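See structure below.
2 protein chains.
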Amino acid sequence: MRRPLRRDARERRDKLLAAAQREFAAHGVDASLEKIARDAGVAIGTLYRHFPTRLDLLMAAFQPRLQEFLDGANKALEMNDPWEGFVYYLEHLFGMQAGDRGFNDFLSRRFTDSAETERIHDEMCQQIVDMLTRAQEAGEARCDITLADIVNLIWSNGRIIEATSATAPNAWRRYLYLMLDAYRAERAHPIPEPPMTYEQLYDAMVHLSEAQ
Amino acid sequence: MRRPLRRDARERRDKLLAAAQREFAAHGVDASLEKIARDAGVAIGTLYRHFPTRLDLLMAAFQPRLQEFLDGANKALEMNDPWEGFVYYLEHLFGMQAGDRGFNDFLSRRFTDSAETERIHDEMCQQIVDMLTRAQEAGEARCDITLADIVNLIWSNGRIIEATSATAPNAWRRYLYLMLDAYRAERAHPIPEPPMTYEQLYDAMVHLSEAQ
DNA sequence: GCGGAAAGGGAGGTCGCCCTCACCATCGCT
DNA sequence: AGCGATGGTGAGGGCGACCTCCCTTTCCGC
Chain R
5 MRRPLRRDAR ERRDKLLAAA QREFAAHGVD ASLEKIARDA GVAIGTLYRH FPTRLDLLMA
65 AFQPRLQEFL DGANKALEMN DPWEGFVYYL EHLFGMQAGD RGFNDFLSRR FTDSAETERI
125 HDEMCQQIVD MLTRAQEAGE ARCDITLADI VNLIWSNGRI IEATSATAPN AWRRYLYLML
185 DAYRAERAHP IPEPPMTYEQ LYDAMVHLSE AQ
Chain G
5 MRRPLRRDAR ERRDKLLAAA QREFAAHGVD ASLEKIARDA GVAIGTLYRH FPTRLDLLMA
65 AFQPRLQEFL DGANKALEMN DPWEGFVYYL EHLFGMQAGD RGFNDFLSRR FTDSAETERI
125 HDEMCQQIVD MLTRAQEAGE ARCDITLADI VNLIWSNGRI IEATSATAPN AWRRYLYLML
185 DAYRAERAHP IPEPPMTYEQ LYDAMVHLSE AQ
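Taken in sequence, the protein lines are chains R and G.
Residue numbers 5 to 216, in our numbering, belong to the letters of the first sequence in order.
Residue numbers 5 to 216, in our numbering, belong to the letters of the second sequence in order.
Encoded structure:
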């Protein structure tokens, strides 16, 4: 049974979380923990007392963003037109990637030793599959694409945002609308490579975490 | 007037270049120079004597790759069908990106203090413009895309390769063929964002270099 | 207001990277 | 063969990151 935090501890914890949100948003999930502590006006030892691992801090800092995202996603599922829902979902997701580099990194990677992040990732994958299937069954999205193709899209959008955020902050949106034309059933041409399997996809996300 | 290198100097220089090619290919243009020296069986001071800056080493190591690329590109320009040439060019480019992470990085960035790399980049941009214009004039590629869209494509392909090279080494090819469907003129849908200007594009490439 | 538990602090060890420089080794011209 | 120029070496200084641990400070219940 965890007793409530002492007042001073609570305050410093909050400052750390605020600083972490800023730093992760600006520099991605590999941001310097020492800089976060400095920004929070707190000693590095204090950061480690509250958050023994980087992942602990990450999860605490991203909780609100993730909730916000999941809420937005539900709206997409409630839309009547499957294609519109699909577009809305991706636009919402891309917009959040653009606004937060940490969220961007978080989406692209798997953190195998956190059951909590794994659960969130699984949930998002499920949402994407639902979205895509609905659009495919309505005959709007081409039938030869899978979850893995959408994850590829998320990865590549992440890169475009890294490149353009400082100079052309809306470039990702243009890229998305181009990509949507690639996904329409009416324009589909055969693709010479099979989709990635789920396992390949998973391994690739783990790989991104390991290669920093 | 540069006199020829002493025999021992020439040998060590060659070993350094070979090690640099391996390391850059495996870890990108930010690979550790100390590791390159170690791999070459040479002291770090020797590396710096031959190549005072990272860019000097980079250029020396990439010269052959770049030549190889430019040769392949010429083939594309000689093809009769403009669309086929366009596809061939991109497939060739993507394949080289997939085989060499250093080349991949090199494509995405600008190194402002090297006239030589700037020249090469300018040349590639010109090739792309020629390629694209030809395909557009033949009515095969949609008219509302520009050089910047192709550079976006190169960036995003770079990211997909980073993610998938270890688990699904041909995933980039699937992505390319999907993207090609986005570029076809037939039944193109309007895009709500304007293309990036050349200046935005240039700044974005410089930005990628600075943020490591 | 006091005592002990909870929390904070930050110096310091480790690592990998960049880059320099004073000294030593080697080559090759004569 | 000998000597000067050319080239090689690697310790060492600087940096910024990670993480630990012991000592000090602060809180809060009694």
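In this text, a Cβ means the ideal position worked out from N, Cα and C, and glycines have one as well.
Model, not experiment: these values are computed from the prediction.
Compute the beta-carbon to beta-carbon distance between A41 of chain R and A47 of chain R, rounded to the nearest angstrom, for a pair I have assumed lies under 8 Å. Translated into positions along the first sequence, residue 41 of chain R becomes position 37. Translated into positions along the first sequence, residue 47 of chain R becomes position 43. Contact holds; Cβ gap of about 6 Å.
Which residues of the segment 35-61 of chain R have a Cβ closer than 8 Å to any Cβ of chain G? Give them in chain order. Using a CB distance below 8 Å, no part of the segment 35-61 of chain R faces chain G.
Report the rounded CA-to-CA distance for F107 of chain R versus A65 of chain R, giving the unit in angstroms. By 1-based counting over the first sequence, the position of residue 107 of chain R is 103. By 1-based counting over the first sequence, the position of residue 65 of chain R is 61. Computed Cα separation, rounded: 10 Å.
Is it buried or exposed for V91 of chain R, if we count other Cβ within 10 angstroms and need 16 for buried? The residue labelled residue 91 of chain R in the question sits at position 87 within the first sequence. Buried, because 16 or more other Cβ atoms sit within 10 Å of the Cβ of V91 of chain R.
Please work out which residues of its chain come closer than 7 Å, Cβ to Cβ, to P198 of chain G, disregarding the five sequence neighbours upstream and downstream, and give them in chain order. Mapped onto the second sequence, residue 198 of chain G falls at position 194. Counting only Cβ-Cβ distances below 7 Å, and skipping sequence neighbours, we find nothing.
With 16 as the cutoff for other CB atoms within 10 Å, does T116 of chain G come out buried or exposed? As a position in the second sequence, residue 116 of chain G is number 112, starting the count at 1. Exposed: under 16 other Cβ atoms inside 10 Å.
Closest Cβ-Cβ distance between M200 of chain G and chain R: below 8 Å? Locating residue 200 of chain G in the second sequence gives position 196, where the first residue counts as 1. With 8 Å as the cut-off, M200 of chain G counts as an interface residue toward chain R.
Could you tell me how far apart the beta carbons of L151 of chain R and V133 of chain R are, in whole angstroms, since I believe they sit closer than 8 Å? Start at 1 with the first residue of the first sequence, and residue 151 of chain R comes out as number 147. Start at 1 with the first residue of the first sequence, and residue 133 of chain R comes out as number 129. That pair is a contact at about 5 Å.
Would the segment 196-212 of chain G and the segment 166-184 of chain R be scored as touching if the rule is three or more Cβ pairs under 8 Å? Touching, yes, given that three or more Cβ pairs across the two stretches are closer than 8 Å.
For A145 of chain R, the residue or residues it bridges with in DSSP: As a working mapping, residue 145 of chain R is identified with position 141 in the first sequence. Per the DSSP secondary-structure output, A145 of chain R pairs in a beta bridge with R:R188.
N78 of chain R classed as buried or exposed, judged by whether at least 16 other C-beta atoms fall within 10 angstroms: As a first step, residue 78 of chain R must be located in the first sequence, where it is residue number 74. N78 of chain R is exposed by the Cβ-count criterion.
Roughly how far, in whole angstroms, is the beta-carbon of L182 of chain G from the beta-carbon of I195 of chain R, given that I think they are within contact range, below 8 Å? Mapped onto the second sequence, residue 182 of chain G falls at position 178. Mapped onto the first sequence, residue 195 of chain R falls at position 191. Right, their Cβ atoms sit about 6 Å apart.
Where does the unbroken alpha helix (DSSP H) through I48 of chain R begin, and where does it stop? Here residue 48 of chain R corresponds to residue number 44 of the first sequence, with the count starting at 1. Per DSSP, I48 of chain R belongs to the alpha helix (DSSP H) from 48-54.
Can you find the residues in the same chain that come closer than 7 Å, C-beta to C-beta, to L157 of chain G, ignoring five residues on each side of it along the sequence? Within the second sequence, the letter at position 153 stands for residue 157 of chain G. M183.
Using C-beta distances below 6 Å, list every residue in its chain close to Y179 of chain G, excluding the 5 sequence neighbours before and after it, in chain order. Here residue 179 of chain G refers to the residue found at position 175 when the second sequence is read from its first residue. In chain order, I164 place their CB closer than 6 Å to the CB of Y179 of chain G, counting only its own chain and leaving out the 5 sequence neighbours on each side.
Just checking: is the beta-carbon of I164 of chain R within a distance shorter than 8 Å of some beta-carbon in chain G? Taking the first sequence and counting its residues from 1, the one referred to as residue 164 of chain R is at position 160. It does: the Cβ of I164 of chain R has a partner Cβ on chain G nearer than 8 Å.
To the nearest angstrom, how far is it from the Cα of M5 of chain G to the Cα of E127 of chain G? As a working mapping, residue 5 of chain G is identified with position 1 in the second sequence. As a working mapping, residue 127 of chain G is identified with position 123 in the second sequence. Residue confidence is low: M5 of chain G scores 49 on pLDDT, short of 50, so the model does not pin down where it sits. No coordinate-derived value is stated.
What first and last residue would you give for the alpha helix (DSSP H) that runs through V210 of chain R? Stepping through the first sequence from its first residue, residue 210 of chain R is reached at position 206. From DSSP, the alpha helix (DSSP H) with V210 of chain R extends over 202-214.
Just reading off the alpha helix (DSSP H) that V155 of chain R is part of, what are its end residues? Here residue 155 of chain R is taken as the residue at index 151 of the first sequence, counted from 1. Looking at the DSSP string, the run of the alpha helix (DSSP H) that includes V155 of chain R is 151-168.
Whole angstroms is fine: what's the gap from D109 of chain R's alpha carbon to L136 of chain R's? By one-based count along the first sequence, residue 109 of chain R stands at place 105. By one-based count along the first sequence, residue 136 of chain R stands at place 132. Their backbone Cα atoms lie some 23 Å apart in a straight line.
Please identify the residue among R:Q101, R:R188, R:D75 whose C-alpha is closest to the C-alpha of V33 of chain R. Along the first sequence, read from residue 1 onward, the residue named residue 33 of chain R stands at position 29. If you compare the alpha carbons of R:Q101, R:R188, R:D75 with that of V33 of chain R, the shortest gap goes to R:Q101.
Can you grab the Cα-Cα spacing for the pair C129 of chain R / D43 of chain R, in whole Å? Working through the first sequence from its first residue, we reach residue 129 of chain R at position 125. Working through the first sequence from its first residue, we reach residue 43 of chain R at position 39. If I take the Cα positions, the gap works out to 35 Å.
Indicate whether R114 of chain R and E122 of chain R have their beta-carbon atoms separated by less than 8 Å. Taking the first sequence and counting its residues from 1, one reaches residue 114 of chain R at position 110. Taking the first sequence and counting its residues from 1, one reaches residue 122 of chain R at position 118. Taking 8 Å as the Cβ cut-off, R114 of chain R and E122 of chain R qualify as a contacting pair.
Residues of the segment 168-182 of chain R in Cβ contact with chain G at a cutoff of 8 Å, in chain order, please. Against chain G - using a Cβ distance shorter than 8 Å - the residues of the segment 168-182 of chain R are T168, A170, T171, A172, N174, A175, R177, R178, Y179, Y181, L182.
Give the secondary structure of T171 of chain G by DSSP, where H, G and I count as helix, E and B as strand, and everything else as coil. If you number the second sequence from 1, residue 171 of chain G lands on position 167. Coil at T171 of chain G, not helix or strand.
Taking all protein chains shown into account, decide if N84 of chain R is buried (16 or more other Cβ within 10 angstroms of its Cβ) or exposed. As a first step, residue 84 of chain R must be located in the first sequence, where it is residue number 80. With fewer than 16 Cβ atoms within 10 Å of its Cβ, N84 of chain R is classed as exposed.
Beta-carbon proximity of A189 of chain G to E144 of chain G, cut-off 8 Å: Indexing the second sequence from 1 puts residue 189 of chain G at position 185. Indexing the second sequence from 1 puts residue 144 of chain G at position 140. Yes; because the gap between Cβ atoms is below 8 Å, this pair is in contact.
Contact set between the segment 71-94 of chain G and chain R, restricted to residues whose Cβ is under 9 Å from the partner: For the segment 71-94 of chain G, the set of positions with a beta-carbon nearer than 9 Å to some beta-carbon of chain R is empty.
Whole beta strand (DSSP E) runs in the segment 45-115 of chain G with 3 or more residues, listed along the chain? Whole beta strand (DSSP E) segments, 3+ residues: zero.
Are the C-beta of A3 of chain G and some C-beta of chain R separated by less than 8 Å? Since the first and last residues shown for chain G are 5 and 216, residue 3 of chain G lies out of range.
Distance cutoff 8 Å, beta carbons only. Does L97 of chain G sit that close to anything in chain R? As a first step, residue 97 of chain G must be located in the second sequence, where it is residue number 93. Closer than 8 Å: no.
Would a check of beta-carbon distances place A142 of chain G closer than 8 Å to chain R? One-based indexing of the second sequence puts residue 142 of chain G at position 138. For A142 of chain G, no CB of chain R lies under 8 Å from its own CB, so it is not counted at the interface with that chain.
Determine the chain G residues that contact P196 of chain R at a beta-carbon separation under 8 Å, and present them in chain order. Residue 196 of chain R sits at position 192 when you count from the first residue of the first sequence. At a beta-carbon threshold of 8 Å, the residues of chain G lying near P196 of chain R are R177, R178, Y181, ordered along the chain.
Through-space distance from E38 of chain G to L20 of chain G, alpha-carbon basis: If you number the second sequence from 1, residue 20 of chain G lands on position 16. If you number the second sequence from 1, residue 38 of chain G lands on position 34. In this structure, the straight-line span from the alpha carbon of L20 of chain G to that of E38 of chain G is close to 11 Å.
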